[in-house]
Amino acid sequence: MAEVRLENVCKSFGDVKAVDNISLHVKDGEFIVLLGPSGCGKTTTLRCVAGLEHVDEGKIFIDEKDVTDLPPAQRGLSMVFQSYAVFPHMTVFDNIAFGLKLRKTPADQIKERVKEVASLVQIEDLIDRYPYQLSGGQRQRVALARALAVEPKVLLLDEPLSNLDAALRLQMRAELKLLQKKSKVTTLYVTHDQVEAMSMGDRIAIIRNGSLEQVDTPERVFNHPENTFVGNFIGSPPMNMLECDVVEGGSIAIGNFTYKLPESVVKAIRKTKTSRVILGIRPKNITITKEKRKNAFMAKIGVIEPIGEELVVNLTVDGKLLRVIASPSQDLRMGEKVWLTPDSRKIHIFDKKTGKNLL
Amino acid sequence: MKKQEVICYIAMVIISLFVLVPIILITIGTFTPRLELYKWPRGLIPSRFTSDSFISFAQSYGVMNGLKNSITVAVLTVIFSLLIGIPAGYSLSRFKFKGKSLFTVGVLTTRMFPIAILAVPLVKIYMGLGIYDSILGVAFIHTIFAFPFAILISHSIFASVPGELEEAAMVLGCSRLGAFRRTTLPLVAPGIAAIAIFAFIISWNEVFAATLLTLHNRTLPALIVARLEATTLDFLFASAFFMLVPCLVFIFIIRKRLLRMWGIILR
Numbered sequence: 001m002a003e004v005r006l007e008n009v010c011k012s013f014g015d016v017k018a019v020d021n022i023s024l025h026v027k028d029g030e031f032i033v034l035l036g037p038s039g040c041g042k043t044t045t046l047r048c049v050a051g052l053e054h055v056d057e058g059k060i061f062i063d064e065k066d067v068t069d070l071p072p073a074q075r076g077l078s079m080v081f082q083s084y085a086v087f088p089h090m091t092v093f094d095n096i097a098f099g100l101k102l103r104k105t106p107a108d109q110i111k112e113r114v115k116e117v118a119s120l121v122q123i124e125d126l127i128d129r130y131p132y133q134l135s136g137g138q139r140q141r142v143a144l145a146r147a148l149a150v151e152p153k154v155l156l157l158d159e160p161l162s163n164l165d166a167a168l169r170l171q172m173r174a175e176l177k178l179l180q181k182k183s184k185v186t187t188l189y190v191t192h193d194q195v196e197a198m199s200m201g202d203r204i205a206i207i208r209n210g211s212l213e214q215v216d217t218p219e220r221v222f223n224h225p226e227n228t229f230v231g232n233f234i235g236s237p238p239m240n241m242l243e244c245d246v247v248e249g250g251s252i253a254i255g256n257f258t259y260k261l262p263e264s265v266v267k268a269i270r271k272t273k274t275s276r277v278i279l280g281i282r283p284k285n286i287t288i289t290k291e292k293r294k295n296a297f298m299a300k301i302g303v304i305e306p307i308g309e310e311l312v313v314n315l316t317v318d319g320k321l322l323r324v325i326a327s328p329s330q331d332l333r334m335g336e337k338v339w340l341t342p343d344s345r346k347i348h349i350f351d352k353k354t355g356k357n358l359l
Numbered sequence: 001m002k003k004q005e006v007i008c009y010i011a012m013v014i015i016s017l018f019v020l021v022p023i024i025l026i027t028i029g030t031f032t033p034r035l036e037l038y039k040w041p042r043g044l045i046p047s048r049f050t051s052d053s054f055i056s057f058a059q060s061y062g063v064m065n066g067l068k069n070s071i072t073v074a075v076l077t078v079i080f081s082l083l084i085g086i087p088a089g090y091s092l093s094r095f096k097f098k099g100k101s102l103f104t105v106g107v108l109t110t111r112m113f114p115i116a117i118l119a120v121p122l123v124k125i126y127m128g129l130g131i132y133d134s135i136l137g138v139a140f141i142h143t144i145f146a147f148p149f150a151i152l153i154s155h156s157i158f159a160s161v162p163g164e165l166e167e168a169a170m171v172l173g174c175s176r177l178g179a180f181r182r183t184t185l186p187l188v189a190p191g192i193a194a195i196a197i198f199a200f201i202i203s204w205n206e207v208f209a210a211t212l213l214t215l216h217n218r219t220l221p222a223l224i225v226a227r228l229e230a231t232t233l234d235f236l237f238a239s240a241f242f243m244l245v246p247c248l249v250f251i252f253i254i255r256k257r258l259l260r261m262w263g264i265i266l267r
């Protein structure tokens, strides 16, 4: 078991800065998820930790040992690739035993250990098969077993579930999390799927354009996004973002309406002396009413999308699109004018210029 | 059967006959008694089969030496082609570098010039280098013929093996070379065998350059070509058969294994 520390790691490909000054401290036994849109540098970051990419600048430590210049073999970690990279010319047994053989483990111990991890990922019946005789999910388990067999200090997972179908992905998600909790191996998990990240990670590191945007628990990332990007990226449908002017008396202007902000928010805005802010509010935290309420603003209903137990109501406010999650029991019609009341405890105010959360 | 299938079968039969008929005729001719070859009219099946022509061909002057030369040249060609082809093909499939596409095209341009155009300069250069009329010299020119294919085929073979296999092996404890040896190499082995056979056959069949660049140390085809005009039918049949057999044997041995191993890689 080990902790992993990245210090100001940079990696460029030509003119493209894939990893731009990332510092990250992964605690012993922690499950950390690197989350970001495709091409944001999360996989490159993982490959730098693995040693498959040599960093341009910065240092990487595993258990206080500087591994920046060590080849992958000497870093004591394991990796599961997006394509699984199961060796096609070896049986499942040989695949799992691969790392152990390299470590010159005695044959009887190899047998035992392979059996152990194979049963851990539930493939003990497939041990004599070749990869081409396995389904995608089974290959995934082989890759996982192979990675776990060597008892790595750190486990790296690169979008391991993205090639599986939806039902299997859901099942593997839970299994993986359980497996990690049982084995207590420090885990870095790369994904672009925010649901995966939220459900699996102890902490989530959100990456954009090679930089860390926020590293926090799923709860914090969801409820206290540090900037507009995180707010937008996490949650589905995404957080509503309304650009507004700050008006005198602790209010903001939304179209022709003024929305009175709580005192604490007003204080925070005053400190920065900014006059233009972005109001962020999650679709769940807005109430739709047909009659006028205090501190509400008017909007026109556009398309209504039923998503099972709830409705996603698209509305326009001052020409801007807003999404609100409402109950189907509310008799809402397209084209109808309604009143929106944001939950004042759940609002976020971002600085227009920097995108930073002011609260 | 569908119409398409019928056409397909007819085409296959025609192509097979096109290849097989000469091979069968050569084989029969080789084992026909010498005198019967000159009979007219003559039946397709001889009165008896004999290996007289074959033995006398094998024993005729220079043939064994030519065979030895041919094999040496072909083996050298295989070695040189693999030495150039494997690293080049590997680099092309795994790394990005400047001038990559130019290189690929450049490799093919070596086949742009017919050997007839190069004949005189080649002889002059070879004489200058002191490798005229030598086994090594012929092996060099055969390598020139074979290596573009070696590079291009090995490129596509390596490209079919995901680089992540090597990376996975490296993470699990292999050095770069060890990872190549344990993952990629076993997977490309049949492909490399195919390249080797291909290079061998290119060299084995090559006549013109071998004739041009040697006087005494002739390879077998060069020797046979030199004697073509002033020789007997039985010698012709026997030599044709002799040249043919290694190619056929090689392809038959390797065919099944090639298909099976590639089947695994492609999955």
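Line by line, the protein sequences give chains Z and P.
All the letters of the first sequence, read from the start, carry residue numbers 1 to 359 under our numbering.
All the letters of the second sequence, read from the start, carry residue numbers 1 to 267 under our numbering.
Glycine residues also receive a C-beta, built at the ideal position from the N, C-alpha and C atoms.
Check: Inter-residue spacing [alpha-carbon to alpha-carbon] between LEU164(Z) and LEU340(Z); Outcome: 40 angstroms
Check: Exposed unless 16 or more other CB atoms sit within 10 angstroms - verdict on PRO225(Z); Outcome: buried
Check: Interface partners of PRO162(P) on chain Z, CB under 8 angstroms; Outcome: SER83, ALA85
Check: Coil, strand or helix - PRO306(Z) by DSSP; Outcome: strand
Check: Contact under 7 angstroms by Cβ, ILE281(Z) with ASN240(Z); Outcome: yes
Check: Sheet register partners of TYR259(Z) (DSSP bridge); Outcome: ILE252(Z)
Check: Cβ contact check for the stretch 43-50 of chain P and the stretch 26-35 of chain P: 3 or more pairs under 8 angstroms; Outcome: yes
Check: Within chain B, partners of SER91(P) - CB distance below 9 angstroms; Outcome: The chain inventory of the structure shown lacks chain B, comprising the protein chains Z and P.
Check: Residues within the stretch 168-181 of chain P neighbouring chain Z, beta-carbon criterion of under 9 angstroms; Outcome: ALA168, ALA169, MET170, VAL171, LEU172, GLY173, CYS174, SER175, ARG176, GLY178, ALA179
Check: Distance, ALA146(P) Cα to THR219(P) Cα; Outcome: 17 angstroms
Check: Under 7 angstroms (Cβ pairs) to chain Z, residues found in the stretch 178-209 of chain P; Outcome: THR183, PRO186, LEU187
Check: Whole runs of the alpha helix (DSSP H) within the stretch 103-169 of chain P, excluding any shorter than 4 residues; Outcome: 115-129, 135-159
Check: Supposed close pair MET334(Z), ILE288(Z) - CB separation, criterion 8 angstroms; Outcome: Going by Cβ atoms, the distance from MET334(Z) to ILE288(Z) rounds to 13 angstroms, so no, they are not a contact pair.
Check: Cut-off 7 angstroms between Cβ atoms - residues of its own chain near PHE208(P), not counting five sequence neighbours on either side; Outcome: ILE115
Check: Inter-stretch contact at 8 angstroms, needing at least 3 Cβ pairs: the stretch 257-273 of chain Z / the stretch 337-351 of chain Z; Outcome: yes
Check: Test item: CB-CB of PHE200(P) and ALA74(P) under 7 angstroms; Outcome: yes
Check: Own chain, CB closer than 7 angstroms to ALA196(P), minus 5 neighbours either side, in chain order; Outcome: VAL78, LEU82
Check: Whole-angstrom distance between THR143(P) and ALA174(Z), CA atom to CA atom; Outcome: 57 angstroms
Check: PHE93(Z) beta carbon near the ligand SAM (any heavy atom closer than 6 angstroms); Outcome: Absence of the ligand SAM from the depicted structure is noted, as is the absence of any ligand whatsoever, leaving it without description.
Check: Chain-ordered chain Z contacts of PHE165(P) [CB-CB under 7 angstroms]; Outcome: Note that residue 165(P) is Leu in the sequence shown, not Phe. In chain order: ALA85, PHE87.
Check: Collapsed DSSP secondary structure at THR231(P) in the structure displayed; Outcome: coil
Check: PHE233(Z), buried or exposed, once every other Cβ within 10 Å from all chains shown has been counted against 16; Outcome: buried
Check: 7 angstroms Cβ cutoff, MET79(Z) in contact with chain P; Outcome: yes
Check: Same chain, Cβ closer than 8 angstroms to VAL120(P), neighbours up to 5 away in sequence not counted; Outcome: none
Check: 7 angstroms Cβ cutoff, ILE264(P) in contact with chain Z; Outcome: Because the pLDDT of ILE264(P) is 46, which lies under 50, any placement of that residue in the model is unreliable, and the question is left without a value.
Check: Cβ neighbour criterion (16 or more within 10 Å) applied to SER203(P); Outcome: buried
Check: Any C-beta of chain P under 7 angstroms from that of GLY255(Z); Outcome: no
Check: Inter-residue spacing [alpha-carbon to alpha-carbon] between ILE123(Z) and ARG113(Z); Outcome: 13 angstroms
Check: Sequence-distant residues of the same chain with beta carbon closer than 8 angstroms to PRO152(Z), five excluded per side; Outcome: GLY76, LEU77, SER78, VAL185
Check: Beta carbon proximity, PRO160(Z) to chain P, threshold 7 angstroms; Outcome: no
Check: Short CB-CB distance (under 7 angstroms) between ALA145(Z) and chain P; Outcome: no
Check: Member of TYR126(P), PHE158(P), PHE149(P) whose CA lies at the smallest distance from the CA of PHE95(P); Outcome: PHE158(P)
Check: CA-to-CA distance, VAL246(Z) to ARG203(Z), given in whole angstroms; Outcome: 34 angstroms
Check: Beta-carbon proximity check, ALA118(Z) vs ILE110(Z), cutoff 7 angstroms; Outcome: no
Check: The stretch 314-324 of chain Z in contact with the stretch 8-22 of chain P per 3-pair CB rule at 8 angstroms; Outcome: no
Check: Which of helix, strand or coil DSSP assigns to SER60(P); Outcome: coil
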